[in-house]
Amino acid sequence: MVKRRIAPHRIGQIIGTVLLNGYILAYLQNKVLYSGILKSVPEPVLNCYGGPLSVFACPLGSFQQIIGMKGVAWWQNVPWVILGLFMIIGAFVGRAACGWICPFGLWQDLLYKIKIGPRAKLNRWVTFLTIAGIGILTVILLAAFIKISIWKGLLFGWLPFMALLLYGTIRGKLAPPQRFSVAGMLLGIVLGLLIIFKHEASVGIATGVVSMAVFSLLGGKRSLFIVIPAGFIISLTGKSATLGPFAGGEIGLLFILIAVLTVLLLEGRLKLYFPATALKYAFLVIVAGVAAYFTAEPWFCKLCPQGTLEAGIPLVLWDPVQGLRALVGWLFYLKVAILLFVLWASITVKRPFCRMVCPIGAIYALFNKASMMRMQLNGQTCSKCGACRRVCPVDIEPFQDPNQAECIRCFECVWNCPPKSLKITL
Amino acid sequence: MRRKLIFVLLAICGTALAALGIGLGMLSIIHGFASQI
């Protein structure tokens, strides 16, 4: 078998990334954003339209903005073009856009190539120290531009990231969580609602989204150790509000009671769990749907790590309109923290964002079973050797079901199957 | 056969939705959002 130097889908990813982010005139003309005719056209993948190099419109950002518009006719709140685009692409090629075009998929694939863990032997420490050095330089650079304290940057950004990386360097590549807990997800949402009620709406929504993700994967029972003290402290601070006959600490006690009952009922009695890959549907419905509709703000975009990487950080560093750096606040730091966590997760787990978070991937996944382009398995020649799983960027077993929802149609399994048991069909 | 029928239906519905959206002027709305930070 001839060993290829570069995978075909990788070439597609590189071309896709360059085409979707090819507005180099931004720097030559000192323009903030490209605003030509192509910005009317939604692209098929997650790619922030707020990035200075971005050429097309992000479908998820457009989706949230459209459904969140207020004071317009009902039909203007329906993202017709976006839904049509997803449906056409999904019908023809299923989730192939995730495997062949998406820039964030490319970043995750490349990050996973970083060698960590016991198998990498001495090289892992060279990698660790290299990343540590790059991290320190990044903090110094950011501190110089956005006037944050270097020590705060090192303490709250660099140090937690390096602690996570140290864990990965010692333990090696990790298996992602297999299931998510509905009770944990509800705890996160209720905690967010409590902060909205007692403090500030935007802080509550951001905290709710982050805690929804963390608690759902952590599980309800373990989350209670964080939720109970946090809920009680939140109820005692902030605005003096009443909830029916309850006030102050009583609201905290009520919150704790609801949290414990939720966990006992949903995890203890009903054992309500879903596969971790289904978590992206919660992001689609709750964050990109409900939160965007009621607040008229694109909450997924506000926290999206791809947006931070392509738009948030470059715009703050470049600051073409001389005022963006002054807007840097808690939300920016939260976005950077999320990005750092996703970067670390991508080094240790295969495409964690695509598998558990991305709402666009969630929509495309619905079409994989019915798409025109698909894969076929010859069960008689397949020896279930696992070669397909080893090369799969999303760590699935194509020999179990070659057209499962999580497949991103990169076809690495087809090209790397020793007995050629998998083939592409129409 | 059933799968091919679903594919054809999806492709037709998708095209119809996209065409309807373009006809309703949704592209200019998307342009408005996508051209600002």
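Residue numbers (this note's numbering), protein chains in the order written: chain A, 1113 to 1538; chain B, 47 to 83. All residues carry an ideal CB built from backbone N, CA and C; glycine is no exception. The structure presented is a predicted model; accordingly, all values stated were derived computationally and were not measured.
Per-residue contacts from residue i into chain A (C-beta, under 9 angstroms)
| i | result |
| --- | --- |
| B/M47 | Ordered by position in chain A, no residue passes the 9 angstroms Cβ test against B/M47, which lies about 12 angstroms from the chain. |
Backbone secondary structure at residue i - three-state DSSP
| i | result |
| --- | --- |
| A/Q1188 | helix |
| A/F1168 | coil |
| A/F1292 | strand |
| A/L1531 | Residue identity differs from the one stated: residue 1531 of chain A is Pro in this sequence, not Leu. Here A/P1531 sits in coil by DSSP. |
| A/L1355 | strand |
| A/P1154 | strand |
| A/I1118 | coil |
| A/T1537 | strand |
| A/N1564 | Since the displayed chain A opens at 1113 and closes at 1538, residue 1564 of chain A lies outside it and no answer follows. |
| A/L1286 | coil |
| A/H1311 | coil |
| A/E1362 | helix |
| B/M72 | helix |
| A/L1145 | coil |
| A/F1523 | coil |
| A/E1518 | coil |
| A/S1335 | helix |
| B/S81 | coil |
| A/I1340 | helix |
| A/I1093 | With chain A covering 1113 to 1538 only, the question about residue 1093 of chain A has no answer from this structure. |
| A/G1316 | helix |
| A/L1382 | coil |
| B/K50 | helix |
| A/G1183 | coil |
| B/T61 | helix |
| A/T1281 | helix |
| A/T1129 | helix |
Given residue i as reference, the closest of the options once Cα atoms are compared
| i | options | result |
| --- | --- | --- |
| A/E1518 | A/Q1512, A/I1508, A/S1323 | A/I1508 |
| A/L1429 | A/T1281, A/V1144, A/K1383 | A/V1144 |
| A/R1231 | A/G1183, A/R1283, A/S1347, A/G1217 | A/R1283 |
| A/G1356 | A/T1349, A/L1366, A/P1171, A/A1209 | A/L1366 |
| A/L1132 | A/R1117, A/I1118, A/V1153, A/P1120 | A/V1153 |
| A/W1442 | A/I1340, A/K1414, A/A1404 | A/K1414 |
| A/K1285 | A/A1255, A/I1179, A/K1225 | A/K1225 |
| A/N1189 | B/I52, B/G71, B/R48 | B/G71 |
| A/R1334 | A/L1348, A/G1380, A/K1310 | A/G1380 |
| A/L1195 | A/P1471, A/C1500, A/C1504, A/I1536 | A/P1471 |
| A/I1136 | A/P1164, A/G1401, A/V1433 | A/P1164 |
| A/L1396 | A/L1218, A/V1294, A/W1411 | A/W1411 |
| A/G1364 | A/V1339, A/L1384, A/C1500 | A/V1339 |
| A/P1530 | A/L1538, A/G1124, A/F1523, A/S1495 | A/S1495 |
| A/L1382 | A/V1238, A/S1293, A/P1341 | A/S1293 |
| A/Q1418 | A/L1439, A/V1399, A/A1394, A/I1450 | A/I1450 |
| A/V1326 | A/G1211, A/L1158, A/F1309, A/A1394 | A/A1394 |
| A/P1288 | A/G1217, A/I1126, A/L1376, A/V1506 | A/V1506 |
| B/V54 | A/I1123, A/V1157, A/P1191, A/I1201 | A/I1201 |
| A/F1273 | A/T1250, A/K1462, A/A1256 | A/T1250 |
Within chain B, the residues that residue i reaches when beta carbons sit closer than 7 angstroms
| i | result |
| --- | --- |
| A/K1151 | H77, A80, S81 |
| A/I1200 | A57, G60, T61, A64 |
| A/L1197 | A64 |
| A/Y1405 | Result: empty, since nearest Cβ-Cβ is about 15 angstroms, beyond 7 angstroms. |
| A/F1088 | One cannot answer for residue 1088 of chain A here, as it falls past the ends of chain A, which runs 1113 to 1538. |
| A/Y1161 | A80 |
| A/A1203 | F53, L56, A57, G60 |
Supposed close pair residue i, residue j - CB separation, criterion 8 angstroms
| i | j | result |
| --- | --- | --- |
| A/R1207 | A/G1473 | 7 angstroms |
| A/A1388 | A/L1329 | 7 angstroms |
| A/Q1220 | A/F1465 | 6 angstroms |
| A/A1295 | A/T1374 | 5 angstroms |
| A/G1300 | B/F79 | Between B/F79 and A/G1300 the Cβ distance is about 28 angstroms, and since that is not below 8 angstroms, they are no contact. |
| A/G1245 | A/W1270 | Rounded, the Cβ-Cβ distance is 11 angstroms, inconsistent with contact. |
| A/M1487 | A/I1536 | 6 angstroms |
| A/A1371 | A/L1336 | 6 angstroms |
| A/S1458 | A/L1276 | Not a contact, Cβ separation roughly 12 angstroms. |
| A/G1128 | A/P1215 | 7 angstroms |
Chain-ordered neighbours of residue i on chain B, where CB pairs are closer than 9 angstroms
| i | result |
| --- | --- |
| A/I1178 | M72, I75, I76, F79 |
| A/S1147 | H77, A80, S81, Q82 |
| A/P1154 | L73, I76, A80 |
| A/Y1135 | Going along chain B, no residue has its Cβ under 9 angstroms from A/Y1135, so there is no contact; the nearest lies around 12 angstroms. |
Contacts of residue i in chain B (Cβ-Cβ under 8 angstroms)
| i | result |
| --- | --- |
| A/V1193 | L63, A64, G67, I68, M72, L73, I76 |
| A/W1187 | L70 |
| A/Y1393 | Per Cβ cutoff of 8 angstroms: no residues; A/Y1393 is ~19 angstroms from chain B at best. |
| A/G1173 | F79, A80 |
| A/A1482 | R49, I52, F53, L56 |
| A/F1479 | L56 |
Can you check the stretch 1384-1469 of chain A for any alpha helix (DSSP H) of at least 4 residues that lies completely inside it and give the ranges in chain order? Here the runs fully enclosed are 1391-1394, 1404-1407, 1411-1415, 1425-1430, 1442-1460, 1464-1468.
At which residue ranges does the stretch 1473-1514 of chain A contain complete beta strand (DSSP E) runs of 3 or more residues, listed in the order of the chain? DSSP runs (the beta strand (DSSP E)) wholly in the stretch 1473-1514 of chain A: 1486-1489.
Inside the stretch 1203-1267 of chain A only - alpha helix (DSSP H) runs reaching at least 4 residues: You should have 1208-1212, 1215-1224, 1235-1258, 1262-1265.
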